[in-house]
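In the working numbering, the protein residues as written are 10 to 363.
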Amino acid sequence: MRLNGEISYRNEEENEMGSVLPPPLPQLKLVVGYALTSKKVKSFLQPKLEGLARKKGILFVAIDHTRPLSEQGPFDIVLHKVRHCCPDSNSQLTGIEWQQILEDYWRKHPEVTVLDPPAAIQHLHNRQSMLEGVADLNLSDCYASAGKVGVPRQLVITKDPSTIPDAVTKAGLTLPLVVKPLVVDGSAKSHELSLAYDRFSLSKLDPPLVLQEFVNHGGVLFKVYIVGEMIKVMRRSSLPDVNKREILNNAGVFQFPRVSSAAASADDVDLDPIIAELPPRPLLERLGRDLRRRLGLRLFNIDMIREHGTRDRYYIIDINYFPGYGKMPGYEHIFTDFLLSLVQSKYKRRLSNS
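#1: Residues in the same chain with beta-carbon distance under 7 angstroms from Lys49, minus the five sequence neighbours each way, listed in chain order, please.
#2: By Cβ distance below 6 angstroms, which residues in the same chain neighbour Ala180 in space, the five residues on each side in sequence not counted?
#3: For Asp327, which residues does DSSP report across the bridge?
#4: Contact defined as beta carbons within less than 8 angstroms: I believe Val352 pairs with Asp85. What is the distance between those atoms, to the nearest angstrom?
#5: In the DSSP assignment, find the alpha helix (DSSP H) that holds Gln109 and state where it starts and stops.
#6: Quick check on Asn259: does DSSP put it in helix, strand or coil?
#7: Could you pull out every unbroken beta strand (DSSP E) segment of at least 3 residues lying fully inside the segment 144 to 214, listed in chain order?
#8: Name the residue from Met239, His226, Leu184 whose alpha carbon lies nearest to the alpha carbon of Ile283.
#9: Which residues mark the beginning and the end of the beta strand (DSSP E) in which Ile72 is found?
#10: With DSSP collapsed to three states, give me the class of Arg244.
#11: Can you tell me whether DSSP reads Gln221 as helix, strand or coil?
#12: Short of 6 angstroms in beta carbon distance, which residues of its chain neighbour Ile325, apart from the five on each side in sequence? Order them along the chain.
#13: Rounded to the nearest angstrom, what separates Glu341 and Gln55 at their Cα positions?
#14: Taking Val236 and Arg208 to be in contact with their CB atoms under 8 angstroms, please state how far apart those CB atoms are, rounded to whole angstroms.
#15: Quick one: what's got a C-beta closer than 6 angstroms to Gly297's C-beta in the same chain, skipping five residues either side?
#16: What residues in its chain sit with their C-beta under 8 angstroms from that of Met139, if we drop five residues either side in the sequence?
#17: Leu292 and Gly104: beta carbons closer than 7 angstroms?
#18: Report the residue from Ile67, Gln108, Leu280 whose alpha carbon sits nearest the alpha carbon of Lys38.
#19: Just the Cα atoms here: how many angstroms apart are Leu191 and Thr183?
#20: Beta-carbon within less than 6 angstroms of Pro249's beta-carbon, same chain only, minus the 5 sequence neighbours each way: which residues are those?
#21: On a CA-only basis, which of Lys117, Glu120, Val187 is nearest Arg136? Give me that one, please.
#22: Expressed to the nearest angstrom, what Euclidean distance is found between the alpha-carbon atoms of Arg254 and Tyr334?
#23: Measuring straight from C-alpha to C-alpha, what distance separates Pro77 and Asp113?
#24: Report yes if the C-beta distance between Val87 and Val40 is below 7 angstroms; otherwise report no.
#25: Please list, in chain order, all residues of the same chain as Glu316 whose beta carbon is under 8 angstroms from its beta carbon, the five residues on each side excluded.
#26: Among all the DSSP beta bridges, which residues are the ones paired with Tyr43?
#27: Inspect the beta-carbon positions of Pro217 and Thr172 and report whether they are closer than 7 angstroms.
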């Protein structure tokens with residue numbers, strides 16, 4: 010690890026008993042270079058975060074995309090989230106170009122902590138690979154004591170919408186189906202959500218997309234935020250349940266706004282206690298630990314639902330990299346403590362190996 014600024018130790022002093030006191034740990038000055046979209050800068054780098062960070066010896070420095078990364082810094086940590094497919098308004102770089110720059114920089118500066126590895130983030134840009142990784146964990150068996158976790162059955166369509174009705178029938182998917190864009194690139198369009206009630210309207214969809222079986226969940230979504238080893242879960246309002254009568258009486262594809270925004274908090278809604286009950290802590294802790302290892306990420310959130318009428322059957326319906334932490338109460342304390350822990354653990358390992 011590289012500590013920016015000088016490391017100063019006090020001279021060894023003797024206490025009243027005449028024994029020599031050990032030198033204290035150095036005063037850390039942590040420099041975090043950030044490459045974020047303008048939207049993320051506004052929502053995440055709020056004054057309360059930057060103010061608390063300064064008090065803790067953390068300095069956030071904007072990375073200049075017009076200059077070589079190797080000429081900037083030095084950084085202890087690089088924090089990044091750049092649009093996957095197209096340039097941000099403040100940058101001429103695409104996400105793919107930035108990924109290559111960052112990987113080259115990391116190879117030359119392995120002492121810098123990159124949050125998170127670009128190759129690992131790439132898996133969350135595609136909703137097929139995103140949930141396939143979850144399914145591979147075989148969560149339904151591992152979590153049996155605290156609850157069963159699965160993913161809804163889904164079908165990926167990449168072209169020719171006229172084939173969708175037959176493909177849905179062949180796959181045995183049950184209507185209604187949640188329609189999501191296949192690619193998650195940070196744009197508003199990639200978060201658009203629709204509900205398809207009948208098979209004939211499916212041919213009007215616009216691939217590439219993912220069709221996901223709709224699971225009734227009492228209109229409540231659980232957003233599970235992961236920051237390193239910290240886990241925080243919040244309730245959000247979601248799509249209402251769909252009954253058989255609605256399926257029979259509705260046809261077409263209906264688009265919904267983003268249903269899990271901060272304004273759609275479910276905490277103040279009068280809910281059935283069983284619906285409102287948060288997932289068990291042991292389940293979330295094990296889930297977070299396993300997904301951190303599987304995904305190779307430390308900053309993400311999981312969108313979970315509980316199947317209506319059950320107490321212990323959960324489904325993961327989405328995973329998002331570097332989500333809107335600014336919506337999470339107390340995020341500035343959680344995030345600054347996390348950043349310090351990364352550097353402190355590196356420093357302790359360095360001492361133990363010296």
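All C-beta atoms in this analysis are idealised placements derived from N, C-alpha and C, irrespective of residue type, glycine included.
Reading from the atomic positions:
#1: Excluding sequence neighbours, Lys49 sits near Lys90.
#2: Only residues of its own chain outside the window of five on either side were considered, and among them Leu164 have a CB closer than 6 angstroms to the CB of Ala180, listed in chain order.
#3: DSSP lists Asp312 as the bridge partner or partners of Asp327.
#4: Approximately 6 angstroms separates the beta-carbon atoms of Val352 and Asp85; this is inside 8 angstroms, confirming the contact.
#5: Bounds of the alpha helix (DSSP H) holding Gln109 are 104 to 117.
#6: In this structure, Asn259 counts as coil in the three-state DSSP scheme.
#7: Under the rule that a run must span 3 or more residues, the beta strand (DSSP E) segments found entirely inside the segment 144 to 214 read 157 to 159, 163 to 166, 186 to 190, 202 to 205.
#8: The candidate whose alpha carbon is nearest that of Ile283 is His226.
#9: For Ile72, there is no enclosing beta strand (DSSP E), as DSSP marks it with neither H nor E.
#10: Strand, per DSSP.
#11: DSSP, read as helix, strand or coil, puts Gln221 in strand.
#12: Correct list, in chain order: Val143, Val160, Ile311, Met313.
#13: Across the structure, Glu341 and Gln55 are spaced so that their CA atoms are roughly 9 angstroms apart.
#14: About 42 angstroms; that fails the 8 angstroms criterion.
#15: Cβ neighbours of Gly297 beyond the five flanking positions: Ile235, Ile240.
#16: Only His132, Leu133, Val193, Asp327, Ile328 meet the Cβ criterion.
#17: Not closer than 7 angstroms, so no.
#18: When the alpha-carbon of Lys38 is set against those of Ile67, Gln108, Leu280, the nearest one is in Ile67.
#19: Taking the straight line joining both Cα atoms gives about 20 angstroms.
#20: So the list reads Gly228, once near-sequence residues are dropped.
#21: Comparing Cα-Cα distances from Arg136 to each of Lys117, Glu120, Val187, the minimum goes to Val187.
#22: Between the alpha carbons of Arg254 and Tyr334 lies a distance of about 39 angstroms.
#23: Going by C-alpha positions, Pro77 is about 11 angstroms away from Asp113.
#24: For Val87 and Val40, no; Cβs fall outside 7 angstroms.
#25: The answer, listed in chain order, is Val224, Asn225, His226, Arg322, Tyr323, Tyr324.
#26: Bridge partners of Tyr43: Ala71, Leu88.
#27: No, Cβ-Cβ distance for Pro217 and Thr172 is not below 7 angstroms.
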